[in-house]
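Engineer:
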Amino acid sequence: MHMKMVFATGNPNKVREISQILDGRFDLVGLKDIGCTEEIPETTGTIQGNAIQKAMYVYENYGMDCFSEDTGLEVFALDMEPGVDTALYAGPQKDPEANMAKLLRNLEGKTDRKARFRTVIAFVKGGEVKTFEGIVEGKIALGKRGTKGFGYDPIFLPEGKDISFAQMDKDEKNKISHRGRAMNKFLSYLKGG
Ligand code: ITT
Numbered sequence: 002m003h004m005k006m007v008f009a010t011g012n013p014n015k016v017r018e019i020s021q022i023l024d025g026r027f028d029l030v031g032l033k034d035i036g037c038t039e040e041i042p043e044t045t046g047t048i049q050g051n052a053i054q055k056a057m058y059v060y061e062n063y064g065m066d067c068f069s070e071d072t073g074l075e076v077f078a079l080d081m082e083p084g085v086d087t088a089l090y091a092g093p094q095k096d097p098e099a100n101m102a103k104l105l106r107n108l109e110g111k112t113d114r115k116a117r118f119r120t121v122i123a124f125v126k127g128g129e130v131k132t133f134e135g136i137v138e139g140k141i142a143l144g145k146r147g148t149k150g151f152g153y154d155p156i157f158l159p160e161g162k163d164i165s166f167a168q169m170d171k172d173e174k175n176k177i178s179h180r181g182r183a184m185n186k187f188l189s190y191l192k193g194g
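Positions 2 to 194 (the working numbering) are the ones given, in order, by the sequence shown.
Take a look at the structure:
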């Protein structure tokens, strides 16, 4: 199975992690490779809705089958925020340092630091959509730990581990992460049919 797949994302960190999980099983084609340089709208208000919106946008405007993913961090003591607004939590610059600082500030004094990452992958083929969800439970650390990974990784401690995602090697994170789990469901679907 050596298929070409458009991955509809503007985030190079997602491309890096997903390429590693795919381990050469597909040729990933990026948005720039198909001439899509505009920002794809993410306006549905849900993680699943935005994942579908991104993949359908590419299908409708470029006529290509593709997949996309949308990820959110859900913090229980903050009514599951930032959720769909995870990237823009501290403003339109999508700055991970400002995002983490805001989250740590909003959790100051709270004992419940339970959180989870949720990824939804949307796959569009011939205009039909399938979605695959991956969740990792965990909690928000009291401060940043580690320098690997990206986004909120330095402050996310996955369940059953004493270290943050930013203290793990890529393989170790991919094995248990929201993205790794969603991707495994997607891959078994592709293998089955
Ligand atoms: P797209 O082009 O794919 O939409 P994006 O960066 O805008 O890329 P999202 O809308 O899915 O992505 O926003 C995801 C947010 O969650 C963003 O702030 C990321 O830094 C963060 N994030 C996603 N996956 C993460 C991970 O594995 N570890 C830590 N933070 C993550």
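Quick reminder that beta carbons are idealized off the backbone N, C-alpha and C, glycines included.
Put L191 into one of helix, strand or coil per three-state DSSP.
Structural biologist: Sequence index remark: in the sequence shown, residue 191 carries index 190 (1-based). Correct three-state label for L191: helix.
Engineer: Is it right to say R17 is buried, meaning 16 or more other beta carbons lie within 10 angstroms of its own, or is it exposed?
Structural biologist: Numbered from its first residue, the sequence shown carries residue 17 at position 16. The residue is exposed, with fewer than 16 neighbouring Cβ atoms inside 10 Å.
Engineer: Can you grab the Cα-Cα spacing for the pair M6 / D71, in whole Å?
Structural biologist: Here the question's residue 6 lines up with position 5 in the sequence shown. Here the question's residue 71 lines up with position 70 in the sequence shown. One C-alpha to the other measures close to 17 angstroms.
Engineer: Below 8 angstroms, is the gap between the Cβ of D154 and the nearest heavy atom of ligand 1?
Structural biologist: Along the sequence shown, read from residue 1 onward, the residue named residue 154 stands at position 153. True, at least one ligand heavy atom lies under 8 angstroms from that Cβ.
Engineer: Have a look at K145 and G127 and give me their C-alpha separation to the nearest angstrom.
Structural biologist: As a first step, residue 145 is located in the sequence shown; it is residue number 144 there, counting from the start. As a first step, residue 127 is located in the sequence shown; it is residue number 126 there, counting from the start. Taking the straight line from one Cα to the other gives about 43 angstroms.
Engineer: T132 bridges to which residues according to DSSP?
Structural biologist: Along the sequence shown, read from residue 1 onward, the residue named residue 132 stands at position 131. As computed with DSSP, T132 is found in a beta bridge with A123.
Engineer: Does DSSP put S69 in a helix, a strand or coil?
Structural biologist: In the sequence shown, residue 69 corresponds to position 68, counting from 1. Three-state DSSP puts S69 in a strand.
Engineer: Output the distance between the C-alpha atoms of V59 and A102, rounded to the nearest integer angstrom.
Structural biologist: Translated into positions along the sequence shown, residue 59 becomes position 58. Translated into positions along the sequence shown, residue 102 becomes position 101. Approximately 34 angstroms, taken between the alpha carbons.
Engineer: Straight-line CA distance for D86 to G25?
Structural biologist: Position 85 of the sequence shown, counted from the first residue, corresponds to residue 86. Position 24 of the sequence shown, counted from the first residue, corresponds to residue 25. Going by the C-alpha atoms only, they are around 32 angstroms apart.
Engineer: Does the region 64 to 84 come into contact with the region 41 to 54, if we say contact requires no fewer than three beta-carbon pairs (one atom in each stretch) closer than 8 angstroms?
Structural biologist: yes
Engineer: Just curious, the alpha helix (DSSP H) that M57 is in, first and last residue?
Structural biologist: Within the sequence shown, residue 57 is the residue found at index 56, counting from 1. Note, M57: alpha helix (DSSP H), I48 to Y63.
Engineer: Would a C-beta distance cut-off of 9 angstroms place E138 and E173 closer than the cut-off?
Structural biologist: For the purposes of this step, residue 138 is taken as the residue at position 137 of the sequence shown. For the purposes of this step, residue 173 is taken as the residue at position 172 of the sequence shown. No, these two residues do not count as a Cβ contact at 9 angstroms.
Engineer: Note down, in chain order, each residue of its chain lying with its Cβ closer than 6 angstroms to the Cβ of F187, except the 5 sequence neighbours on either side.
Structural biologist: On the sequence shown, position 186 is the one that residue 187 refers to. Result list for F187: I122 and F133, in chain order.
Engineer: Would R37 and A9 qualify as a contact pair, given that the criterion is a beta-carbon distance under 9 angstroms?
Structural biologist: If you number the sequence shown from 1, residue 37 lands on position 36. If you number the sequence shown from 1, residue 9 lands on position 8. Contrary to the premise, residue 37 reads as Cys rather than Arg in this sequence. The answer is yes: Cβ separation under 9 angstroms.
Engineer: Quick check: is any heavy atom of ligand 1 less than 8 angstroms from the C-beta of I202?
Structural biologist: What the structure shows of the chain is the stretch from 2 to 194, and residue 202 is not part of that stretch, so it cannot be assessed.
Engineer: State yes or no: is the C-beta of I141 within less than 9 angstroms of the C-beta of F157?
Structural biologist: As a first step, residue 141 is located in the sequence shown; it is residue number 140 there, counting from the start. As a first step, residue 157 is located in the sequence shown; it is residue number 156 there, counting from the start. With respect to F157, I141 sits close: the two C-beta atoms are nearer than 9 angstroms.
Engineer: May I ask you to check if the CB of P97 is nearer than 8 angstroms to at least one heavy atom of ligand 1?
Structural biologist: Residue 97 sits at position 96 when you count from the first residue of the sequence shown. Result yes, Cβ under 8 angstroms from ligand 1.
Engineer: Return the CA-CA distance between K33 and G135, expressed in angstroms with no decimal places.
Structural biologist: Here the question's residue 33 lines up with position 32 in the sequence shown. Here the question's residue 135 lines up with position 134 in the sequence shown. One C-alpha to the other measures close to 27 angstroms.
Engineer: Do Y153 and L104 have their C-beta atoms within less than 9 angstroms of each other?
Structural biologist: For the purposes of this step, residue 153 is taken as residue 152 along the sequence shown, with counting starting at 1. For the purposes of this step, residue 104 is taken as residue 103 along the sequence shown, with counting starting at 1. The answer is yes: Cβ separation under 9 angstroms.
Engineer: Using the beta-carbon count (16 or more within 10 Å), is L108 buried or exposed?
Structural biologist: Indexing the sequence shown from 1 puts residue 108 at position 107. That one is buried.
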